[in-house]
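Take the sequence shown: its letters are residues 22 to 222, numbered as in the numbering used here.
Ideal Cβ positions, reconstructed from N, Cα and C, are used throughout, including at glycine.
Computed from a prediction, not measured in an experiment: that's the story for all the values here.
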Amino acid sequence: MEVQALHPCGPRWNPRHHGHRHGRLGRPQASSIAPLVGTLAITAIVMAVSAVLRPGEIVFSVASALTGPLSKDKNRPLSLTLRANNSSPRVYLQYRSLIVYLKYTTPPPEMTFEVPVEVNGGLVPPCQTPGTMADISMSSTLWGEAWNDSSGGTPKLSVLVLAVVQFKVGLAYSRPYSIRVLCDPADYVTNQVSFPITCRY
């Protein structure tokens with residue numbers, strides 16, 4: 022399957038861009054009915070898209086990850102690639118928001134932390150075409166003594182993905198869907214992880 026660069030999904034249907042035209046007596050001509058019919062058709066498609074499609078059309082995974090050396094300040098840089106697979110053959114995905122955390126639990130006494138992960142460039146991916154995979158480059162920093170051990174004794178990390186997306190067929194958009202997936206835990210510090218890492222709803 023193709024790995025693509027993301028781009029805008031294109032314009033929405035807007036009936037105001039299709040103005041009504043009137044005859045001499047101010048009555049709507051037959052051609053002025055077309056925008057109304059088009060609007061009703063688009064509304065019906067939106068309802069159908071929202072009723073049929075579900076976020077399960079999108080499959081997330083961690084395609085790659087790499088940690089850097091521990092700094093003098095006891096932190097490690099982490100870069101990872103989040104892969105979004107749009108398995109639908111005809112549906113576009115419009116991304117409205119994308120928030121990612123690294124989630125981990127320390128050794129006893131156990132404490133759970135969520136570390137923010139930033140999309141490189143600071144841009145939320147806008148649109149994904151049907152039947153493609155999109156790779157999203159991200160980075161974060163792991164702080165503290167817990168990341169000092171590169172022999173496999175460090176806490177395992179899970180990638181938590183929170184997204185809001187809309188499905189698009191033609192000019193019609195579905196309602197927004199909230200997505201929450203948690204990727205299988207892995208020891209990223211050793212750089213000996215088998216990729217891709219599965220993310221589950």
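Problem - Cβ neighbour criterion (16 or more within 10 Å) applied to Met132 - result: The residue labelled residue 132 in the question sits at position 111 within the sequence shown. With fewer than 16 other Cβ atoms within 10 Å, it is exposed.
Handout entry: Thr211, DSSP secondary structure in three states
Key = Taking the first residue of the sequence shown as position 1, residue 211 is located at position 190. It is helical.
Practice task
For Asn106, write down the residues that DSSP places opposite it in a beta bridge.
Solution key: Within the sequence shown, residue 106 is the residue found at index 85, counting from 1. Per DSSP, Val80, Met154.
Exercise for the section: Give me the Cα-Cα distance between Ile218 and Lys95, rounded to the nearest whole angstrom. Expected result: To locate residue 218, count along the sequence shown from 1; it is residue 197. To locate residue 95, count along the sequence shown from 1; it is residue 74. So the two alpha carbons sit approximately 27 angstroms from each other.
Handout entry: Which listed residue (Trp168, Val182, Pro176) has its alpha carbon closest to that of Met159
Key = For the purposes of this step, residue 159 is taken as the residue at position 138 of the sequence shown. Taking only the C-alpha atoms, the option nearest Met159 is Val182.
Handout entry: Sheet register partners of Cys204 (DSSP bridge)
Key = Within the sequence shown, residue 204 is the residue found at index 183, counting from 1. BP columns for Cys204 point to Cys220.
Handout entry: Best match in Leu123, Arg97, Ala184 for proximity to Gly165 [C-alpha to C-alpha]
Key = Numbered from 1 along the sequence shown, position 144 holds the residue referred to as residue 165. Nearest C-alpha to Gly165: Arg97.
Exercise for the section: Alpha carbon to alpha carbon, how far is Ser85 from Thr211? Give it in angstroms, no decimals. Expected result: As a first step, residue 211 must be located in the sequence shown, where it is residue number 190. As a first step, residue 85 must be located in the sequence shown, where it is residue number 64. Looking at the two C-alpha atoms, the distance is approximately 13 angstroms.
Exercise for the section: Please name the residue, chosen from Leu101, Ile157, Ile200, Val80, that lies closest to Leu178 on a Cα-to-Cα basis. Expected result: For the purposes of this step, residue 178 is taken as residue 157 along the sequence shown, with counting starting at 1. If we check each option's Cα against that of Leu178, Leu101 comes out closest.
Problem - Straight-line Cα distance separating Ser161 from Lys124 - result: Here the question's residue 124 lines up with position 103 in the sequence shown. Here the question's residue 161 lines up with position 140 in the sequence shown. Taking the straight line joining both Cα atoms gives about 12 angstroms.
Handout entry: Nearest-angstrom Cα separation, counted from Gly191 out to Asn141
Key = Locating residue 141 in the sequence shown gives position 120, counting from the first residue. Locating residue 191 in the sequence shown gives position 170, counting from the first residue. So the alpha carbons of these two residues sit roughly 30 angstroms apart.
Exercise for the section: List in chain order: all unbroken alpha helix (DSSP H) runs of 4+ residues lying wholly within the stretch 90-144. Expected result: none
Problem - Own chain, CB closer than 7 angstroms to Leu46, minus 5 neighbours either side, in chain order - result: Start at 1 with the first residue of the sequence shown, and residue 46 comes out as number 25. A caution first: Leu46 carries a pLDDT of 41, below 50, which makes its placement in the model too unreliable to give a value.
Exercise for the section: Give me the Cα-Cα distance between Tyr222 and Pro206, rounded to the nearest whole angstrom. Expected result: Residue numbering aside, residue 222 sits at position 201 when the sequence shown is read from its first letter. Residue numbering aside, residue 206 sits at position 185 when the sequence shown is read from its first letter. Rounded to whole angstroms, Tyr222 to Pro206 spans 14 angstroms at the Cα level.
Handout entry: Beta bridge counterpart(s) of Trp164 as assigned by DSSP
Key = Along the sequence shown, read from residue 1 onward, the residue named residue 164 stands at position 143. Asn96, per the DSSP bridge assignment.
Handout entry: Status (buried if at least 16 other CB within 10 Å, exposed otherwise) for Gln115
Key = For this step, residue 115 is matched to residue 94 along the sequence shown. Buried, since its Cβ has 16 or more Cβ neighbours within 10 Å.
Exercise for the section: Starting from the Cα of Pro176, find the closest Cα among Pro128, Val121, Pro147 and give me that residue. Expected result: Looking up residue 176 in the sequence shown gives position 155. Selected option, being the one with the closest Cα: Pro128.
Exercise for the section: Measuring only between beta-carbons, confirm whether Ala155 sits less than 8 angstroms from chain B. Expected result: The structure shown contains no chain B, having only a single protein chain.
Exercise for the section: Mind checking who Leu178 pairs with in its DSSP beta bridge? Expected result: Walking along the sequence shown from the start, residue 178 turns up at place 157. Bridge partners of Leu178: Ala207.
Handout entry: Cα-Cα separation, Asn106 to Pro90
Key = The residue given as residue 106 occupies position 85 in the sequence shown. The residue given as residue 90 occupies position 69 in the sequence shown. Roughly 31 angstroms separates the two Cα atoms.
Exercise for the section: Would you kindly work out how many angstroms separate the C-alpha atoms of Ser266 and Phe216, rounded to a whole number? Expected result: Here the chain comprises residues numbered 22 to 222, so residue 266 is not present and cannot be evaluated.
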